[in-house]
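One point on numbering: in numbering that gives the first Met the number 0, the residue at position 208 of the sequence shown is 207, and numbering is uninterrupted. The beta carbon of each residue, even a glycine, is placed where N, CA and C say it ideally should be. Everything on this sheet refers to the single structure shown next.
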Amino acid sequence: MILDPSYHIEITPIQYILSIISGILVGFSLGLIGGGGSILAIPLLLYFVGLANGIPPNSPEYSYITHLTLGTTALAVGLNAYINSYMHWRKGNVRVLEGIIFTIPGVLGDILGAYISHLMSGALILFLFGFLMIAVAIRMWKTKCSPKTYTTQNGKIGLAQRVKLNRVVPAGFLVGFASGYFGIGGGFLVVPGLLFSTGVDMLRAVGTSLISVGTFGVTAAATYAFYGDINILISVLYLIGGILGGYAGSSIASRMSRQTLRRVFAIIIILVAIYTMYLNRVGVIQLMHLL
């Protein structure tokens, strides 16, 4: 759905404040449970900050706001990932070369996903996003928090053995496509993608994934910005709130059961997904037309 470039929205001061609060909530959840917390960034901006409130889901303006939200949150998540990747790199938990190899095909998928998303209605994107949220919640519920390690007999493996190009290229491309289409960093997809296609252990997969998450987020944001679908100020406010919330979440996480927190958060994600799909149920009709 290509939109009239004259569409624009007025952001009120209270919405800027709510953007910071949303960033704090996203950062807090990330610090509390790890990957997957940023999945709430989009519905928070749409329905808590209120960019989409009161606008019919089948209207062109709703689609414009949806695309604006995707571009805006993608930039915030991408920048936040870069900041966190530096901290992981200082601890030695980032495999830079593997991260770059995984990211290169992902960037191509990222650009394609953002372009296709730009052509579709907001209601359809958000209805499909609801399924993605449920999938993330299920994975979060099932995932155990104990890290796994993978080593050879001598504890070292070469790059050719670690990186399987026949797996890296399609895995990176598909994850990048999903990141671009939904305007997300996709860390919950990148980590298993790295484990599937490289020989890194879980701890380094998490640290290395932030290279891809940051690049996918910034690339998607740049693609959306090309079509005028981004609000940089809200992205910065989200980022500031995310840093503050992440610090608070990390401090509390060490004193609580991470497994219990992940399962509680998974339930919250499913409830938000159902709410999002209900509001965008007109997307079912649009999906049937495409099929």
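* **Inter-residue CB distance, Ile-110 and Thr-222 (contact presumed, cutoff 8 Å)** => That pair is a contact at about 5 Å.
* Asked: Along the chain, where does the alpha helix (DSSP H) that runs through Asp-109 open and close?
  -> Its alpha helix (DSSP H) spans residues 95-117.
* To do: Decide if Arg-254 is buried, meaning its Cβ has at least 16 other Cβ atoms within 10 Å, or exposed.
  => The residue in question, Arg-254, is exposed, as its Cβ has fewer than 16 Cβ neighbours within 10 Å.
* Asked: Would you call the CB atoms of Gly-248 and Thr-72 closer than 7 Å?
  -> Cβ distance not < 7 Å, so Gly-248 and Thr-72 don't count as in contact.
* Gly-70 to Met-201 span [Cα, whole Å] -> Roughly 29 Å separates the two Cα atoms.
* Report all residues from its chain with a CB closer than 7 Å to the CB of Arg-262; omit the five preceding and five following residues, and keep chain order. => For Arg-262, the CB contacts under 7 Å within the same chain, skipping 5 residues up- and downstream, are Trp-140 in chain order.
* **Inter-stretch contact (C-beta, 8 Å, three-pair minimum) for the segment 173-181 and the segment 89-109** => The answer is yes - the segment 89-109 touches the segment 173-181, with three or more Cβ pairs under 8 Å.
* Use the C-beta contact count for Leu-164: other C-beta atoms within 10 angstroms, 16 or more gives buried, fewer gives exposed. => Taking a 10 Å sphere around the C-beta of Leu-164, we find fewer than 16 other C-beta atoms and assign the residue as exposed.
* Asked: DSSP on Leu-50, reduced to helix/strand/coil?
  -> Coil at Leu-50, not helix or strand.
* Check the C-beta distance from Ser-62 over to Leu-44 and give it rounded, since I have them as a contact under 8 Å. => Their Cβ separation, rounded to whole angstroms, is 15 Å, which puts Ser-62 and Leu-44 out of contact at 8 Å.
* Same chain, Cβ closer than 7 Å to Ser-28, five either side skipped, listed in chain order -> The residues are Gly-36, Leu-39, Gly-248 and Phe-264.
* Return helix, strand or coil for Asn-79, following the three-state DSSP convention. => DSSP places Asn-79 in helix when its eight states are reduced to three.
* Alpha-carbon spacing of Gly-171 relative to Ser-250, whole angstroms -> Gly-171 and Ser-250 have their C-alpha atoms spaced approximately 32 Å apart.
* Asked: Helix, strand or coil: how does DSSP classify Lys-141 here?
  -> Residue state, collapsed to three classes: helix.
* To do: Have a look at Ala-219 and Ile-284 and give me their C-alpha separation to the nearest angstrom.
  => Answer to the nearest angstrom: the Cα atoms are 27 Å apart.
* To do: With DSSP collapsed to three states, give me the class of Ile-64.
  => Three-state result, Ile-64: helix.
* What are the boundary residues of the alpha helix (DSSP H) that Tyr-226 is part of? -> Per DSSP, Tyr-226 lies in no alpha helix (DSSP H) segment and is marked neither H nor E.
* Please state whether DSSP places Thr-259 in a helix, a strand or coil. => The answer is helix: DSSP assigns Thr-259 an H, G or I state.
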